[in-house]
Amino acid sequence: MAKRTANENQAKEQAAALARGAAEVISPAELAAKIALGRPLRIKLGMDPTAPDLHLGHSLTLKKLRDFQDAGHTVIFLIGDFTAMIGDPTGRSETRKPLSRDEIERNAQTYREQAFKILDRELTEVRFNSEWMNGVNVAELIKIAATLSVARLLERDDFEKRLAAQEPLFLHELLYPVIQAYDSVALKADLEIGGTDQKFNMLVGRDLQRHFGQDPQAVMTMPLLEGLDGLRKMSKSLGNYVGLTDQPEDMYGKLMSVPDKLMVRYYELLTVATPEELAAVKSGAMHPMEAKKRLARTLVTEYHGAPAATRAEEYFESKHQRREVPASAQVYRIAEDLWICELMKQLQFTPSTSEARRLVSQGAVRVDGRTITDVNFRFVPGEHKVLEVGKRRVARIEP
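Numbering of the sequence shown is given in the working numbering, commencing with residue 517 and proceeding in unit increments.
Here's what the structure looks like:
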């Protein structure tokens, strides 16, 4: 009995340690009981490949998964290639545009590569929910859907808001949480981790597991990181994100644009700052500019290494603080005058001419320090020397 009690107490301590930094655990007792089983738990994270880049907001959940890996548990990185064709309605005031199979496959490939910047590749099981959903026929899907009432699904805040606003709510969107929940059944998940906005979907997973005779998964929600606008959650679609694969100079520059009011939160969620460092940021004892530089250096070092962080800081200081064209700026040679939009494409400053046109019309393009708004402008080598796009893309152009 004494040994059993000691094991239970040890499991509670492990569960508490692993839950550190989480927004909520449902429930701590269930998580401790699963850890007390003495076997590697199956930890599920589901992500729909709706955009090609993972960002710092995703890193909160990925780092928590790494904590579980370090404790000897199995992480299942579930790529929702089937659910991506439906589109997660979470937080949406309108129906998501469906993605093509090609888009999903391209995004899924980059998800796998980027996730392993944080996760241990050897301890990660990568799965796709098309593995089982492609084999579910209509009769089987109806049986799965019959386990949940419409009233239960309409408990979702975003569904309620859309109905109250008389916005369209389509049947396939109601099926999304059902299918996501069935993923937990197919994977026999012991624990699911996701952002606080995924709480409803994960709880439905518990309901479905009970119906299929499985022990319900514990649920752990992680905080949502606000984006660079300081208002909405970090999101690729909103353009307020810092990507895990952003170039060091871009990552550093973006982090230097974080609103002062978010400094403490970014330190708390993204770094392992000491209590003394946090206190200095909170009180203003550390100047806001120095706080941002330290944050940017820390995160660029984490994803790209210390030498890259040093170069990124030097780039930022020379370009933005001393208003110099950095010595490290790309040098590009052209033999004759070239349309500004084509030049931006050749430099890979933009993915397309339509995007280049948009940037020019928005006043985001400068030649030799002068803002260019004429989309027909031609860059003349020898006469024009420096092209800047936005705050972080700059090149010297030589004949």
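By construction, the Cβ of each residue, glycine as well, lies at the ideal position given by its N, Cα and C atoms.
Comparing alpha-carbon positions, which option in the options lies nearest residue i?
i: lysine 528; options: Asp583, Glu871, Leu547; result: Leu547
i: leucine 744; options: Gly800, Phe598, Leu771; result: Leu771
i: arginine 536; options: Ala552, Leu581, Asn525; result: Leu581
i: glutamine 864; options: Ala552, Ser799, Arg909; result: Arg909
i: threonine 590; options: Ala532, Leu740, Lys704; result: Lys704
i: valine 694; options: Lys808, Ala681, Leu664, Glu708; result: Leu664
i: serine 773; options: Lys809, Lys550, Ala795; result: Lys809
i: cysteine 857; options: Arg882, Met736, Met649; result: Arg882
i: lysine 579; options: Ala538, Lys550, Gln526; result: Ala538
i: leucine 740; options: Leu786, Gly721, His727, Asp706; result: Leu786
i: lysine 715; options: Asp723, Arg874, Met736; result: Met736
i: phenylalanine 832; options: Lys907, Ile551, Ala549, Leu707; result: Lys907
i: leucine 553; options: Ser751, Gln725, Asp706, Gln630; result: Asp706
i: valine 891; options: Ala911, Leu854, Arg672, Ile913; result: Leu854
i: glycine 588; options: Val666, Arg617, Asp618, Ile551; result: Ile551
i: arginine 912; options: Ala880, Phe893, Leu859, Thr889; result: Leu859
i: serine 616; options: Val666, Asp564, Glu676; result: Asp564
For the beta strand (DSSP E) containing residue i, list its first residue and its last residue.
i: tyrosine 848; result: 846 to 849
i: threonine 712; result: Counting along the chain, threonine 712 falls outside any beta strand (DSSP E), and DSSP gives it neither H nor E.
i: valine 735; result: 734 to 738
i: threonine 826; result: Element bounds for threonine 826: not the beta strand (DSSP E) but the alpha helix (DSSP H), 822 to 832.
i: isoleucine 595; result: 590 to 595
i: glutamate 540; result: 540 to 542
Taking the straight line between their C-alpha atoms, what separation do you get for residue i and residue j?
i: aspartate 884; j: lysine 835; result: 13 Å
i: histidine 820; j: valine 876; result: 31 Å
i: asparagine 623; j: valine 541; result: 30 Å
i: arginine 608; j: arginine 555; result: In this predicted model, arginine 608 has a pLDDT of only 48, less than 50, meaning its place in the structure is not dependable enough to derive any value.
i: valine 905; j: threonine 577; result: 33 Å
i: serine 868; j: lysine 861; result: 6 Å
i: alanine 887; j: alanine 872; result: According to the sequence displayed, residue 887 carries threonine and not alanine. So the alpha carbons of these two residues sit roughly 14 Å apart.
i: leucine 679; j: leucine 685; result: 7 Å
i: alanine 824; j: phenylalanine 632; result: 19 Å
i: aspartate 776; j: proline 804; result: 7 Å
i: leucine 561; j: leucine 635; result: 12 Å
i: isoleucine 620; j: threonine 566; result: 7 Å
i: tyrosine 692; j: isoleucine 602; result: 7 Å
i: asparagine 717; j: leucine 690; result: 11 Å
i: serine 799; j: arginine 781; result: 14 Å
i: leucine 778; j: aspartate 586; result: 30 Å
i: aspartate 674; j: proline 732; result: 25 Å
i: histidine 574; j: alanine 801; result: 30 Å
i: leucine 687; j: alanine 531; result: 38 Å
i: leucine 639; j: valine 902; result: 48 Å
i: asparagine 525; j: glutamate 792; result: 31 Å
i: glutamate 610; j: glutamate 742; result: At glutamate 610, the pLDDT of 48 sits below 50, so the modelled position is not reliable and the matter cannot be decided from this model.
i: threonine 866; j: leucine 754; result: 18 Å
i: glutamate 683; j: alanine 812; result: 41 Å
i: valine 788; j: leucine 794; result: 10 Å
i: alanine 845; j: threonine 817; result: 20 Å
i: tyrosine 783; j: tyrosine 627; result: 25 Å
i: threonine 814; j: glutamate 708; result: 29 Å
i: alanine 533; j: isoleucine 592; result: 21 Å
i: serine 543; j: lysine 752; result: 31 Å
i: alanine 661; j: glutamine 878; result: 48 Å
i: phenylalanine 584; j: arginine 558; result: 10 Å
i: methionine 649; j: alanine 807; result: 48 Å
i: glutamine 725; j: arginine 668; result: 16 Å
i: aspartate 723; j: aspartate 713; result: 18 Å
i: histidine 727; j: glycine 710; result: 22 Å
i: asparagine 523; j: alanine 734; result: 19 Å
Would you kindly report the start and end of the unbroken alpha helix (DSSP H) that includes residue i?
i: alanine 702; result: 687 to 703
i: threonine 761; result: Unbroken run through threonine 761: none, as it is neither H nor E.
i: glycine 573; result: 572 to 586
i: isoleucine 559; result: It is not in any alpha helix (DSSP H) - isoleucine 559 instead sits in the beta strand (DSSP E) that spans 558 to 563.
i: valine 780; result: 779 to 786
i: glutamate 472; result: There is simply no residue 472 to check, as the chain begins at 517 and stops at 915 in what is shown.
i: serine 799; result: 791 to 799
For the ligand FMN, is there any heavy atom lying closer than 7 Å to the beta carbon of residue i?
i: methionine 779; result: As presented, the structure is devoid of all ligands, the ligand FMN included, so that no description of it is given.
At least 3 beta-carbon pairs within less than 8 Å: the segment 820 to 832 vs the segment 765 to 778: yes
Report the residue ranges of all beta strand (DSSP E) runs contained in full by the segment 863 to 908; include only those spanning at least 3 residues, in chain order. 881 to 883, 902 to 905
So does the segment 568 to 587 actually touch the segment 749 to 764, counting three or more Cβ pairs closer than 8 Å? yes
Contact the segment 890 to 910 vs the segment 847 to 859: 3+ CB pairs below 8 Å: yes
Continuous beta strand (DSSP E) assignments of at least 3 residues falling wholly in the segment 622 to 667: 640 to 644
Check whether the segment 629 to 648 touches the segment 693 to 706, taking contact to mean three or more Cβ pairs, one atom from each stretch, closer than 8 Å. yes
When the Cβ atoms of the segment 653 to 663 are set against those of the segment 594 to 603, are three or more pairs found closer than 8 Å? no
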